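Structure record follows, encoded as structure tokens.
4 protein chains.
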Amino acid sequence: MTQDLHEQMKIRRTEILAAALEVFDAHGFGHTTMDMVAAKAGIAKGSLYNYFSNKQDLFCQAFTETLSGDEADADAMIAQDRPAFEKLEWMMDRWFSRFGHFQKIGRLILEVMATAARDEQSPLSPVLQTMYAGWRQRLTMIVEQGKATGEFQDHAEPTVAASLIMGVLDGVVIQAILKVGVQVDAEFLDALKRGVLAGLTAATAPGTGGSQS
Amino acid sequence: MTQDLHEQMKIRRTEILAAALEVFDAHGFGHTTMDMVAAKAGIAKGSLYNYFSNKQDLFCQAFTETLSGDEADADAMIAQDRPAFEKLEWMMDRWFSRFGHFQKIGRLILEVMATAARDEQSPLSPVLQTMYAGWRQRLTMIVEQGKATGEFQDHAEPTVAASLIMGVLDGVVIQAILKVGVQVDAEFLDALKRGVLAGLTAATAPGTGGSQS
Amino acid sequence: MTQDLHEQMKIRRTEILAAALEVFDAHGFGHTTMDMVAAKAGIAKGSLYNYFSNKQDLFCQAFTETLSGDEADADAMIAQDRPAFEKLEWMMDRWFSRFGHFQKIGRLILEVMATAARDEQSPLSPVLQTMYAGWRQRLTMIVEQGKATGEFQDHAEPTVAASLIMGVLDGVVIQAILKVGVQVDAEFLDALKRGVLAGLTAATAPGTGGSQS
Amino acid sequence: MTQDLHEQMKIRRTEILAAALEVFDAHGFGHTTMDMVAAKAGIAKGSLYNYFSNKQDLFCQAFTETLSGDEADADAMIAQDRPAFEKLEWMMDRWFSRFGHFQKIGRLILEVMATAARDEQSPLSPVLQTMYAGWRQRLTMIVEQGKATGEFQDHAEPTVAASLIMGVLDGVVIQAILKVGVQVDAEFLDALKRGVLAGLTAATAPGTGGSQS
DNA sequence: AATGAATGAGTATTCATTCAT
DNA sequence: CATGAATGAATACTCATTCAT
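Those protein sequence lines, which keep their order, are chains A, B, C and D.
For the first sequence, my numbering begins at 1 and goes up steadily by one.
For the second sequence, my numbering begins at 214 and goes up steadily by one.
For the third sequence, my numbering begins at 427 and goes up steadily by one.
For the fourth sequence, my numbering begins at 640 and goes up steadily by one.
And the structure:
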């Protein structure tokens with residue numbers, strides 16, 4: 001019975017989080033009221049406080065939950081014995097396959113970023129920190145492998161390369177969210193992959209500061 | 214005399230905008246009160262409404278003003294008869310020289326993006342749209358020139374390449390703002406330039422397109 | 427239990443309306459603050475909004491409630507088989523018995539009239555319209571009966587007579603509210619009744635219609 | 640020159656009052672701003688305070704001015720040697736000829752009444768008091784004359800009769816302003832006159848309290 | 001645990017009035 | 001006298017949170 005009760009609450013909690021995510025995404029933190037969330041979740045406003053201590057907490061948990069996708073697949077892939085080249089492609093394909101979701105929660109991410117950027121004490125900060133650290137580490141490992149096997153050129157400092165790759169992915173998502181012109185489709189993805197890989201594999205990085213001629 | 218008055222008001226307006234920018238950036242739109250802005254600007258709360266019709270308007274103008282840097286230099290440079298390669302480098306150098314400012318107002322930019330992403334009717338949307346359109350056009354022109362002169366490889370679709378370049382710059386700024394590990398210094402910039410240019414000039418992008426097989 | 431709650435809220439609502447009526451009457455709509463009403467009702471300011479959506483709504487409901495006296499007695503009386511003469515007297519006696527209340531809320535009525543006169547879209551307009559329409563109809567019926575039975579002379583167009591009777595009652599209330607001299611007592615009422623009835627029963631109105639010549 | 644200046648100001652003052660009357664009537668005291676009045680009068684907001692000490696004062700003077708029509712004609716007429724009967728008719732005709740104006744400023748009058756009723760210290764109170772006192776006196780004199788000459792029956796106490804006559808006129812104006820159904824035209828006026836005169840001249844006031852049968 | 005009525009701190013905005021020019 | 005920018009008091013309304021039932 002107690003078990004049932006716990007199950008019940010767990011389910012209810014999940015329902016609330018789903019409702020909260022939807023409402024927060026649609027209206028933003030500031031314009032979302034607890035009434036809205038309660039209404040969407042189909043429970044009384046006061047009941048929310050049996051599951052979450054306050055609005056901040058609810059927002060934070062809802063965001064964390066939706067972001068913490070299963071990253072096990074990526075780790076498993078990296079552990080495999082495959083060319084760094086292929087691994088990087090796989091990562092970008094994976095990112096692309098999630099593009100729709102990113103766009104969906106992109107507004108929320110932007111808001112979270114703005115909040116985290118403003119207040120480092122925010123409970124949201126570690127969430128972003130962890131996520132970025134994880135992906136940077138994975139990308140760094142891939143680049144390192146590539147350099148070790150000679151697939152990638154030596155001019156690429158792995159952590160910097162990882163940052164750039166993450167940067168371009170973030171940047172593209174932002175342009176898509178803001179609808180400032182970019183059309184993200186298979187062709188775009190292909191160009192993106194080619195560009196990134198070309199930057200890493202280019203036989204000779206063109207001498208900066210001088211023309212090629 | 215009337216001239217003096219107009220001058221006075223123009224100066225006052227600028228002071229208010231500076232104060233507003235600072236406070237908005239520090240606390241975000243929602244947590245900034247008109248009292249705060251008035252106090253920072255050293256005038257009475259009610260006086261704000263002699264210059265701006267409401268809080269939204271004040272925010273929008275403050276943001277627009279700070280973003281609309283003089284882009285004449287970029288256009289002048291593009292018009293010159295120089296290799297695309299050099300032009301692109303110049304652009305990235307220029308971006309880097311403004312990096313400090315971007316970081317300073319980055320939190321504000323994120324908030325504006327979140328707002329614009331949520332409400333396309335927001336007066337902030339066109340500001341972002343215009344800015345992105347302008348820079349995309351400039352970058353596209355450079356890439357086109359590069360392809361025409363043979364500096365850049367043919368696999369780079371100019372508008373896509375422009376998006377990618379802008380994306381990586383945006384993404385890097387975000388990582389810097391969020392302090393998620395990247396250290397943006399001269400060395401980083403160099404790697405960034407090399408990476409971007411390598412992506413454009415690489416003789417042949419390694420066998421992408423069949424990667425999934 | 428739920429029943430109790432509903433009862434509780436009904437009672438609370440009535441208390442608020444009573445408090446609101448008092449404060450609105452004393453200070454007028456514009457000079458009454460929600461704080462005043464809340465204080466008088468003994469609840470928190472915010473709680474008012476659990477019962478009324480805004481100040482206008484509160485005002486409108488308070489006014490409507492106090493005006494919508496039970497008019498069933500008048501209708502019942504009219505339905506009886508009695509001389510029109512007696513019915514009209516009864517009506518005026520009834521009005522007189524309510525004179526104290528009219529005087530009490532008279533300032534409010536004047537303000538409502540001013541509002542309704544300025545804005546026909548005001549929710550107060552229909553309240554007045556309905557009230558006037560009801561009483562005009564009742565008076566018209568009485569005059570019609572009086573003409574049919576020969577009690578009243580034929581020169582009295584029923585709807586016009588009804589308007590005049592209502593007008594004199596309104597006018598007297600206004601003079602009483604403004605304290606511009608009239609002393610409304612039993613003697614005055616008697617004169618009023620005599621005057622009205624005389625106007626209806628007078629055998630022949632003295633040569634009006636040629637007066638201008 | 641000083642004379643000219645005085646003239647100038649007098650003219651300006653009159654213009655302001657006209658503008659104020661229009662705006663106050665259209666929007667009511669509470670919703671009229673000094674800016675509106677200044678704009679309508681074509682001068683600067685601050686200049687209003689060179690002519691009137693504050694908003695209240697401006698309102699009061701504007702209202703007083705529009706109400707204080709020339710009453711000399713009425714007094715002259717009363718002084719003539721004519722039947723009371725004719726005089727009373729003349730008075731009602733005069734009232735009717737001004738009906739349009741009453742309707743026009745009626746909303747303002749209602750608001751003034753509401754204000755005066757609420758605050759006897761209001762400078763508006765004496766304005767109304769004086770106006771009512773004047774007309775009551777004139778009507779009382781006419782009724783007294785009529786009784787003395789035998790035109791009117793003895794049952795009419797002059798001051799009470801005067802109040803009733805004024806009341807019906809006020810009441811009719813109110814109904815017209817509120818647009819609650821009455822159609823005030825020549826026919827209506829005729830009925831009104833007949834009714835009033837009948838009430839005064841009726842050979843025998845019907846025994847109150849008993850039916851005629 | 002669930003409910004939802006009660007709470008009251010928090011704030012954008014208005015506008016009569018002043019006063020330096 | 002004319003002007004209109006500056007002032008700041010005044011106030012309706014929201015909404016996260018609490019707590020009695």
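Note that the Cβ used here is the ideal one computed from N, Cα and C, for glycine as well.
If you're wondering where the values come from, they're calculated on a predicted model, not measured in any experiment.
N-terminal and C-terminal residue of the alpha helix (DSSP H) that residue i is part of
{"i": "residue 569 of chain C", "result": "550-575"}
{"i": "residue 331 of chain B", "result": "312-331"}
{"i": "residue 163 of chain A", "result": "158-178"}
{"i": "residue 473 of chain C", "result": "471-474"}
{"i": "residue 180 of chain B", "result": "Outside the modelled stretch of chain B, which goes from 214 to 426, sits residue 180 of chain B, for which no answer is possible."}
{"i": "residue 71 of chain A", "result": "Element bounds for residue 71 of chain A: n/a, residue is neither H nor E."}
{"i": "residue 671 of chain D", "result": "Taken as a continuous stretch (DSSP letters only), residue 671 of chain D belongs to no alpha helix (DSSP H), as it is neither H nor E."}
{"i": "residue 508 of chain C", "result": "Note, residue 508 of chain C: premise wrong, no alpha helix (DSSP H); not H, not E."}
{"i": "residue 621 of chain C", "result": "612-627"}
Option in the options with minimal Cα separation from residue i
{"i": "residue 832 of chain D", "options": "D/816, D/810, D/804, D/820", "result": "D/804"}
{"i": "residue 394 of chain B", "options": "A/129, A/20, A/124", "result": "A/129"}
{"i": "residue 351 of chain B", "options": "B/287, B/299, B/316", "result": "B/287"}
{"i": "residue 550 of chain C", "options": "C/460, C/490, C/530", "result": "C/490"}
{"i": "residue 740 of chain D", "options": "D/722, D/661, D/792, D/711", "result": "D/661"}
{"i": "residue 721 of chain D", "options": "D/793, D/825, D/787", "result": "D/787"}
{"i": "residue 98 of chain A", "options": "A/122, A/120, A/121, A/71", "result": "A/71"}
{"i": "residue 593 of chain D", "options": "D/732, D/652, D/694", "result": "A query on residue 593 of chain D cannot be resolved here, the shown segment of chain D reaching from 640 to 852 and no further."}
{"i": "residue 548 of chain C", "options": "C/485, C/589, C/559, C/529", "result": "C/485"}
{"i": "residue 346 of chain B", "options": "B/260, B/376, B/230", "result": "B/376"}
{"i": "residue 263 of chain B", "options": "B/282, B/367, B/222, B/218", "result": "B/222"}
{"i": "residue 480 of chain C", "options": "C/459, C/431, C/444", "result": "C/459"}
7 Å Cβ cutoff met for residue i and residue j
{"i": "residue 749 of chain D", "j": "residue 539 of chain C", "result": "yes"}
{"i": "residue 233 of chain B", "j": "residue 275 of chain B", "result": "yes"}
{"i": "residue 415 of chain B", "j": "residue 38 of chain A", "result": "no"}
{"i": "residue 258 of chain B", "j": "residue 248 of chain B", "result": "yes"}
{"i": "residue 602 of chain C", "j": "residue 799 of chain D", "result": "no"}
{"i": "residue 716 of chain D", "j": "residue 734 of chain D", "result": "no"}
{"i": "residue 413 of chain B", "j": "residue 369 of chain B", "result": "yes"}
{"i": "residue 43 of chain A", "j": "residue 88 of chain A", "result": "no"}
{"i": "residue 667 of chain D", "j": "residue 544 of chain C", "result": "yes"}
{"i": "residue 531 of chain C", "j": "residue 492 of chain C", "result": "yes"}
{"i": "residue 783 of chain D", "j": "residue 724 of chain D", "result": "no"}
{"i": "residue 140 of chain A", "j": "residue 126 of chain A", "result": "no"}
{"i": "residue 30 of chain A", "j": "residue 243 of chain B", "result": "yes"}
Expected contact under 8 Å - CB spacing of residue i and residue j to nearest Å
{"i": "residue 184 of chain A", "j": "residue 196 of chain A", "result": "About 15 Å; that fails the 8 Å criterion."}
{"i": "residue 478 of chain C", "j": "residue 534 of chain C", "result": "About 17 Å separates the two Cβ atoms, so there is no contact after all."}
{"i": "residue 178 of chain A", "j": "residue 329 of chain B", "result": "6 Å"}
{"i": "residue 220 of chain B", "j": "residue 254 of chain B", "result": "About 17 Å; that fails the 8 Å criterion."}
query: Relative to chain B, which residues along the segment 161-183 of chain A have a C-beta separation below 8 Å, given in chain order?
result: 161, 163, 164, 166, 167, 168, 169, 170, 171, 172, 174, 175, 177, 178, 179, 180, 181, 182
query: Name the residues in the segment 13-25 of chain A whose C-beta lies less than 9 Å from a C-beta of chain B; which are they?
result: 25
field: chain A contacts from the segment 241-273 of chain B (Cβ-Cβ distance under 7 Å)
entry: 241, 243
- prompt: the segment 336-350 of chain B: which residues have C-beta closer than 9 Å to a C-beta of chain A, in chain order?
  reply: 338, 341, 342, 344, 345, 346, 349
- prompt: Going along the segment 565-585 of chain C in order, which residues come within less than 9 Å of chain D, judged by CB to CB distance?
  reply: 577, 579, 581, 582, 583, 585
task: Taking only beta carbons into account, state which residues of the segment 747-761 of chain D come closer than 8 Å to chain C, listed in chain order.
output: 749, 750, 752, 753, 754, 755, 756, 757, 759
field: Members of the segment 827-844 of chain D near chain C, C-beta cut-off 9 Å
entry: 827, 829, 830, 831, 832, 833, 834, 835, 836, 837, 838, 839, 840, 841, 842, 843, 844
task: Please list the residues of the segment 511-535 of chain C that have a C-beta atom closer than 9 Å to any C-beta atom in chain D, keeping them in chain order.
output: 511, 512, 515, 532, 533, 534, 535
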